[in-house]
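J.: Take this structure first; my questions come after.
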Amino acid sequence: MAARVLVGVKRVIDYAVKVRVKPDNTGVVTDGVKHSMNPFCEIAVEEAVKLKEKQLVKEVVAVSCGPQQVQETIRTALAMGADRGIHVEVSGKDYDALGPLQVSKIMAALAKKEEANLIILGKQAIDDDCNQTGQMTAALLDWPQGTFASEVVLEGDKLKVVREVDGGLETVKLDMPAVVTADLRLNTPRYATLPNIMKAKKKKISVVKPGDLGVDVASRLEVLRVEEPPQRKAGVKVETVEDLVSKLKEGGRI
Amino acid sequence: MFFLLAAKQKVAAAALSLRNAGRRRRLLDAAATTVERCARRNAAYVQGQAPEPHLREYFYYIDHQGQVTLLDFSDLKMLVLTLIIESSCACVAALLMSFFCQLFLDDTKVKNFITCFKDKQFLVFFFTRLRPNETGRYQDQFPFLALCGRERNFLRCDDRPLVFTHMLPGVGLGDGGGASEMLSFCGGGDKLTAPFRPEALFMHPRTGRLYHPCANRAGSVGLVRSALAFELSPHFEYPPDQPHGGQPTHFLWAGERHSLTNELARHFPEDEEELTGTN
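Following this line, the structure appears as structure tokens:
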């Protein structure tokens, strides 16, 4: 039986919020903006908790990297059924520059430290759409990976993963330990009930720094500029098909 | 219902041609059970169907996070039903029916934050017109509907038709009045709101879900989505012998200690005994 599952959870701007670019074009406005757990990470937590309920794993550990506020995201995972949390403290400029490479180094180091044999992550975050952390983590650990999972079945020490790919569905069988990234159809995250929310407040969240794990979070990427997409221009109404054709010709479209 | 009944009739005809009595009976039972389950839980329909001229029907689903999506009676299931009805060969109809039975067991959900409606105008338009479904059409499966001109928009719910998603800060009532917060629902921002009544917050003793009153025509009880329940959770007070467990008794808000009325318990009749016992 897989002893321990690590689940990565990321704190992102809520999907329903209208994102605004900062006036200096260095990034997006995050101060005072509603944040929540990345929806793909919710699906990852749900899957891990389901495995525990089926008694296929012993412990679910939720991990998040960032400043103090990410502890709220970890508490949400605990309310959904994770057993304990690990907050990897990264703040300020380091946090602004934190990307998939740094997070995957942290996850790999934690997997070794905690002796985890399964890592479940969301397939991508809705703020950067990178879709890299799971893959990089697997590569750093030299573990097999089942990405874009829409179904995960644990069969002894093997993992059967059905992957959503462009051409349809692909089924792969992985030796454990392994990394899985969750896609939309994997499950429907549960409602974290009030009693479970209250129980979660008593669950342990340990705090570590990347340095404690021997990880250097310096980034090799520099964001030069962030811009809004061009404003959609108003359309023009015409009376007849002939008008339409002549307008298209005028605009050099035909 | 037409599609289902037509398929059932076709299969009944197909079953007659089977010489093995056991197989015949099993096929008829499977068809009857599936049609019954289908009719009860998931009546066959097509998005935008027109039961009468100049009238269109659409079907929606709202989940426990307040996300509204179109609820399609799976295209594949519809296709199989159509093939059954149109098949000329009895054996083919029988085979397709057993395939349909299997498909029906597999209820893949494609309702999520990507497919849900986000346009505030649409959501406001929809939920300001929401009322109980008394049309006699799909009433069991879709208990609520929003009438928009010539459109009937049926709504099915994971839990409640109304889901509170955010707390909005209140606007001061003037020199003597305090600010009164509003609870926003279903993604409507400041256009879909209900006044926040802390004393009326209700935790269902069996499911642990949190509820708050809403307009009668929207079912009187709205679900407080999990993320909002999380924000409100530090303000609950529990009996001294059960700190952080059991049924909360008070809610501390804006310097006041509100005694919880549990008035919403009467809207959960199946749990009435249990609920009145804990009061």
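Quick note, the sequences are listed as chains A and B, same order. Heads up: the first sequence at position 157 corresponds to 157 in the numbering used here, and the numbers run straight through without jumps. Every position in the second sequence, counted from 1, becomes a number in the numbering used here once 1000 is added. We put the beta carbon where it would ideally sit given N, CA and C, even for glycine.
Enumerate in chain order the residues of its own chain whose CB-to-CB distance from residue 126 of chain A is below 7 Å, with the five nearest sequence positions on each side excluded.
T.: 12, 15, 38, 39
J.: Using a Cβ-Cβ cut-off of 7 Å, state whether residue 186 of chain A counts as contacting chain B.
T.: no
J.: Can you list, in chain order, the stretches of the alpha helix (DSSP H) that have 4 or more residues and sit fully within the stretch 126-152 of chain A?
T.: Counting whole runs of 4 or more residues, the stretch 126-152 of chain A contains the alpha helix (DSSP H) stretches 133-141.
J.: Examine the Cβ distances between the stretch 1120-1128 of chain B and the stretch 1181-1194 of chain B and report whether three or more of them are shorter than 8 Å.
T.: The stretch 1120-1128 of chain B, when compared against the stretch 1181-1194 of chain B, does touch it at the 8 Å Cβ threshold.
J.: Measure the alpha-carbon distance for residue 1256 of chain B versus residue 1197 of chain B and round it to whole angstroms.
T.: Distance between the alpha carbons of residue 1256 of chain B and residue 1197 of chain B: 12 Å.
J.: For residue 1147 of chain B, I'd like the list of residues in its chain whose CB is within less than 8 Å of its CB, leaving aside the five on either flank, ordered along the chain.
T.: 1129, 1131, 1153
J.: When the Cα atoms are used, what is the spatial distance from residue 1193 of chain B to residue 102 of chain A?
T.: Their Cα atoms are separated by approximately 42 Å.
J.: With a CB to CB cut of under 7 Å and the five nearest residues on each side skipped, what residues in its chain are close to residue 1178 of chain B?
T.: In this predicted model, residue 1178 of chain B has a pLDDT of only 49, less than 50, meaning its place in the structure is not dependable; the value taken from the coordinates is given anyway. Closer than 7 Å at the Cβ level, and outside the excluded window around residue 1178 of chain B, lie 1254.
J.: Who are the Cβ neighbours of residue 27 of chain A in its own chain at under 6 Å, not counting the five residues just before and after it?
T.: Excluding sequence neighbours, residue 27 of chain A sits near 226.
J.: Need the endpoints of the alpha helix (DSSP H) that residue 1196 of chain B sits in, please.
T.: No alpha helix (DSSP H) contains residue 1196 of chain B, which DSSP labels as neither H nor E.
J.: Would residue 1150 of chain B and residue 1061 of chain B be called neighbours here (beta carbons separated by less than 7 Å)?
T.: Going by C-beta atoms, residue 1150 of chain B is not nearer than 7 Å to residue 1061 of chain B.
J.: To the nearest angstrom, how far is it from the Cα of residue 1261 of chain B to the Cα of residue 1248 of chain B?
T.: C-alpha separation (whole angstroms): 11 Å.
J.: Could you list which residues in chain B have their beta carbon closer than 9 Å to that of residue 76 of chain A, in chain order?
T.: Within 9 Å Cβ-Cβ: 1226, 1227, 1230.
J.: What is the rounded straight-line gap between the Cα of residue 1083 of chain B and the Cα of residue 1012 of chain B?
T.: 15 Å
J.: What residues in the stretch 28-39 of chain A bring their beta carbon closer than 7 Å to a beta carbon of chain B?
T.: 36, 39
J.: Using a Cβ cut-off of 8 Å, pull out every chain B residue sitting near residue 192 of chain A, in sequence order please.
T.: Residues of chain B whose Cβ lies closer than 8 Å to the Cβ of residue 192 of chain A are, in chain order, 1226, 1229, 1230.
J.: Could you give the C-beta distance for residue 58 of chain A and residue 3 of chain A, rounded to a whole number, given that I count them as a contact under 8 Å?
T.: Going by Cβ atoms, the distance from residue 58 of chain A to residue 3 of chain A rounds to 5 Å, so yes, they are a contact pair.
J.: Rounded to whole angstroms, what is the Cα-Cα separation between residue 106 of chain A and residue 1217 of chain B?
T.: 51 Å
J.: Figure out for me which residue from B/1208, B/1204, B/1137, B/1252 has the closest Cα to the Cα of residue 1235 of chain B.
T.: With distances taken between Cα atoms, residue 1235 of chain B lies closest to B/1252.
J.: Can you look up residue 1351 of chain B in the DSSP assignment and give me helix, strand or coil?
T.: The displayed coordinates of chain B run from 1001 to 1279. Any statement about residue 1351 of chain B would go beyond what the structure contains.
J.: Please confirm if the stretch 104-122 of chain A is in contact with the stretch 66-84 of chain A, defined as three or more CB-CB distances below 8 Å between the two stretches.
T.: no
J.: Would you list the one or two residues that DSSP bridges to residue 205 of chain A?
T.: Checking the DSSP bridge columns, you'll see residue 205 of chain A partnered with A/85.
J.: Give the secondary structure of residue 1095 of chain B by DSSP, where H, G and I count as helix, E and B as strand, and everything else as coil.
T.: In the three-state reduction of the DSSP assignment, residue 1095 of chain B falls in the helix class, which pools H, G and I.
J.: On the DSSP bridge assignment, give the partners of residue 330 of chain A in chain order.
T.: Since the displayed chain A opens at 1 and closes at 254, residue 330 of chain A lies outside it and no answer follows.
J.: With a threshold of 8 Å, are at least 3 pairs of Cβ atoms found where one atom belongs to the stretch 140-157 of chain A and the other to the stretch 165-181 of chain A?
T.: Flag = yes, the stretch 140-157 of chain A and the stretch 165-181 of chain A touch.
J.: So residue 1122 of chain B and residue 1133 of chain B are in contact, right, with Cβ under 8 Å, and what is the actual spacing, rounded?
T.: With a beta-carbon spacing of about 19 Å, residue 1122 of chain B and residue 1133 of chain B fall beyond the 8 Å limit used to define contacts.
J.: Roughly how many angstroms separate the alpha carbons of residue 184 of chain A and residue 1220 of chain B, rounded to a whole number?
T.: 32 Å
J.: For the beta strand (DSSP E) containing residue 1146 of chain B, name the first residue and the last one.
T.: 1144-1148
J.: Under 7 Å Cβ-Cβ, which residues of chain B neighbour residue 82 of chain A?
T.: Going along chain B, no residue has its Cβ under 7 Å from residue 82 of chain A, so there is no contact; the nearest lies around 14 Å.
J.: Check each candidate in B/1049, B/1096, B/1206, B/1066 and name the one with the smallest Cα separation from residue 196 of chain A.
T.: B/1206
J.: My assumption, with CB atoms under 8 Å, is that residue 76 of chain A sits in contact with residue 1230 of chain B. Please give the rounded CB distance.
T.: Their Cβ separation, rounded to whole angstroms, is 6 Å, which keeps residue 76 of chain A and residue 1230 of chain B in contact under 8 Å.
J.: Roughly how many angstroms lie between the CA atoms of residue 1201 of chain B and residue 1068 of chain B, to the nearest whole one?
T.: For residue 1201 of chain B and residue 1068 of chain B, the distance between alpha carbons rounds to 24 Å.
J.: Which of the three DSSP states is assigned to residue 1022 of chain B in this structure?
T.: helix
J.: Give the DSSP-derived three-state secondary structure of residue 982 of chain B in the structure shown.
T.: Only positions 1001 to 1279 of chain B appear in this structure, which leaves residue 982 of chain B out of reach.
J.: Who are the Cβ neighbours of residue 171 of chain A in its own chain at under 6 Å, not counting the five residues just before and after it?
T.: 162
J.: Please state if the CB of residue 64 of chain A and the CB of residue 9 of chain A are separated by a distance shorter than 7 Å.
T.: yes
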